[in-house]
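K.L.:
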Amino acid sequence: MAKMIERMLLRFRLSGLGRLRSQKNMIESYLPIREEIVRQRSARAIQWMEFLHEAKMAPLGNAAGRPTATVAAAREAKVQALRDRYRLKEKALAQTRKRAEAKGPLSPEAIAGFEESGRKLVESRDRRIAAILAPSRRSSLSEAEALRKFLEVETEQTEILARKKAALRAKEEKHLDAIRKRAARQIAHLDGKIAALRKMVLERHPAQTGDADLPENVLLRLQNLSMRFGGLLAVDNLSFDVKQGEIFGLIGPNGAGKTTIFNCITRFYRPTSGEMFYRRNAVEVIRLNDFPVHQIIRQGIVRTFQNVELVWELSVLDNLLVAAHTVYRSGFFAQLLHTPGLRREENVLKAKALGVLQTLGLSAYAYAFPYGLPYGILKKIELARTLMANPRLIILDEPAAGLNDKETEELAVLIRKIRDDYKCTIFLVEHDMGLVMDICDTVCAISFGRMLAIGTPAAIQADPLVRAAYLGEAS
Ligand SMILES: Nc1ncnc2c1ncn2[C@@H]1O[C@H](COP(=O)(O)OP(=O)(O)OP(=O)(O)O)[C@@H](O)[C@H]1O
Ligand SMILES: [Mg+2]
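Residue 474 is where the sequence shown ends in numbering that gives the first Met the number 0, and the numbering goes up by one at each step.
1. Can you give the Cα-Cα distance for Gly254 and Met450, rounded to whole angstroms?
2. Should Phe228 be listed as close to ligand 4, given that the test is whether its C-beta is under 8 Å from any heavy atom?
3. With a CB to CB cut of under 7 Å and the five nearest residues on each side skipped, what residues in its chain are close to Asp431?
4. How big is the Cα-Cα spacing for Lys180 and Ile45?
5. How about Asp240 and Pro214: do their beta carbons lie closer than 9 Å?
6. Is Tyr364 buried or exposed, if buried means 16 or more other CB atoms sit within 10 Å of its CB?
7. With DSSP as the reference, identify every bridge partner of Gly248, one or two as the case may be.
8. How many angstroms separate the CA atom of Glu345 from the CA atom of Glu397?
9. Tell me, please, which residues DSSP counts as bridged to Ser272.
10. Mapping DSSP to helix, strand and coil, what is Met450?
11. Roughly how many angstroms separate the alpha carbons of Arg20 and Thr69, rounded to a whole number?
12. For Leu440 and Asn216, what's the separation of their Cα atoms in angstroms?
13. Going by DSSP in three states, Leu232 sits in which element: helix, strand or coil?
14. Between which two residues does the beta strand (DSSP E) carrying Val301 extend?
15. Using a Cβ-based criterion (distance less than 8 Å to any ligand heavy atom), does Asp396 qualify as near ligand 2?
16. With distances taken Cα to Cα, identify the nearest neighbour of Glu142 among Ile295, Tyr268, Thr258, Arg65.
17. Give the list of continuous alpha helix (DSSP H) stretches no shorter than 4 residues that lie fully inside the region 333-407.
18. Count the other CB atoms within 10 Å of the CB of Leu218; is the residue buried (16 or more) or exposed (fewer)?
19. Since Arg286 is in the beta strand (DSSP E), which residue starts that stretch and which ends it?
20. For Pro270, is the beta carbon positioned less than 8 Å from some heavy atom of ligand 1?
21. Spatial neighbours of Ser446 within its chain, please: CB distance less than 8 Å, with the 5 preceding and 5 following residues excluded, ordered by chain position.
22. Return yes when the C-beta of Thr258 is under 8 Å from any heavy atom of ligand 2, and no when it is not.
23. Give the DSSP-derived three-state secondary structure of Phe490 in the structure shown.
24. Would you tell me roughly how many angstroms separate the C-alpha atoms of Thr208 and Asp317, rounded to the nearest one?
25. Verify the contact flag: Asn253, CB atom, against every heavy atom of ligand 1, threshold strictly below 8 Å.
26. Would a C-beta distance cut-off of 9 Å place Ala388 and Ile296 closer than the cut-off?
27. How big is the Cα-Cα spacing for Val442 and Gly340?
Okay, here's the thing in structure tokens:
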């Protein structure tokens, strides 16, 4: 009884700790987004000021033969278009002349005619260009007067514009500063609370190692795991440890029981016997056997399946956002009322999803639909999706299946990158031996649900049992 209360208390405190951490994370991740919103707002205000300035100066500038920058640019574009048009006309004339020449020598009158046409074209072009560039005069002021007025107003207005811009920039800086200070205050406050709660948990619940004496560096332990389907023993008394931060490979011939092991860990299957322990955080080891399948992801365990499982009707970005559902802290009413807190959270998660897509080189597909995308890309999208749930352990069932050599090489780089960048542990099943030997720190070989050998890739490759059973060599 006392032990049960103790466990409940611990769970309560740990969930409090989780909430505080995610609050802090939210503030930290939202800060850059908020800063960007402020910057964009003042950039828009400055654009508007410049537009008004331009609108005021354009007529005066026209009258004084001093077009404003926008007017000048528009005229320049017009002149360019006109030149292009006349170039075509000249080309057409030259061709007509060539065709005439092909029929026989031209008479002097014909030559004169062609030359006259050419001259006319040039004249007409220059006349039209001059007309475009000429100052348009609608005011009754004399030229000198118009120029004087223009210069006077321009000096004054430019000064006003500069002052307004400076004021806006200062306001923006002040605003940003206030936002940053406020975030820093909130974070410091949360840090204090987190440290206090963490200290309390560590003091009152010294290392809860569950029922197993799990070493500090072990993330997952399978202990005498067996899974029987009727008369078939798919997993046979299997025990091994997966260490924190490693890439752990499980290999074995078809039907060896690899997917079954994954299904036991993620609770799709209920193992016939044996136990599974998992280090949920610094102080708590949980017995996975006690958790239902839908709670597994909340413990930080995510998986991909042997075949691609995406929501085909949603864009790639939305597929990622759906996967982040366990990370949402806003409740039912926040969703119903679409509160600012929820919007903030959505912005943060969207930024995170875009970041993940960028890490995996998938930015170009963010708004695409998965249907019809190359298989290699779909596999990467699945990987990206696992990262949205803040995983500690990522379980991959044959990530390289169906990929070509180049895609497999890319995948190897990506899996390592994910492990390093997102500081998680990777547990994979794979038939591609090149990939397994290349990226895994530890490899475990099984056959008919039984352990053959476990060790470094080199040791596994050299192991006579593995060679005999798996690689089909005589031992
Ligand atoms: N739900 C089930 N009911 C009955 N038998 C099952 C079930 N799931 C798996 N098996 C059997 O258990 C054995 C192990 O299957 P499992 O899918 O784990 O193999 P695997 O190592 O993943 O193979 P592969 O490399 O082909 O994916 C197989 O003989 C399979 O037929
Ligand atoms: Mg399988």
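We treat Cβ as the ideally placed atom computed from N, Cα and C, and that holds for glycine. Only a predicted model underlies this, so the values are computations on that prediction, with no experimental measurement involved.
P.N.:
If we stick to the structure as given:
1. 14 Å
2. Of the ligands this structure carries, namely ligand 1 and ligand 2, none is ligand 4.
3. Ala399, Thr407
4. 25 Å
5. yes
6. buried
7. Leu427, Val442
8. 32 Å
9. Ser225
10. strand
11. 51 Å
12. According to the sequence provided, residue 440 is Asp. The question's Leu does not apply to it. Straight-line Cα distance between these residues: approximately 14 Å.
13. strand
14. 300-302
15. yes
16. Arg65
17. 339-358, 374-386
18. buried
19. 284-286
20. no
21. Gly251, Pro252, Ala255, Ala468, Tyr469
22. yes
23. Within the shown structure, residues of the chain are numbered from 0 to 474, placing residue 490 beyond reach of any answer.
24. A caution first: Thr208 carries a pLDDT of 48, below 50, which makes its placement in the model unreliable, though a value can still be read off. Spanning the two alpha carbons is a distance of roughly 38 Å.
25. yes
26. yes
27. 45 Å
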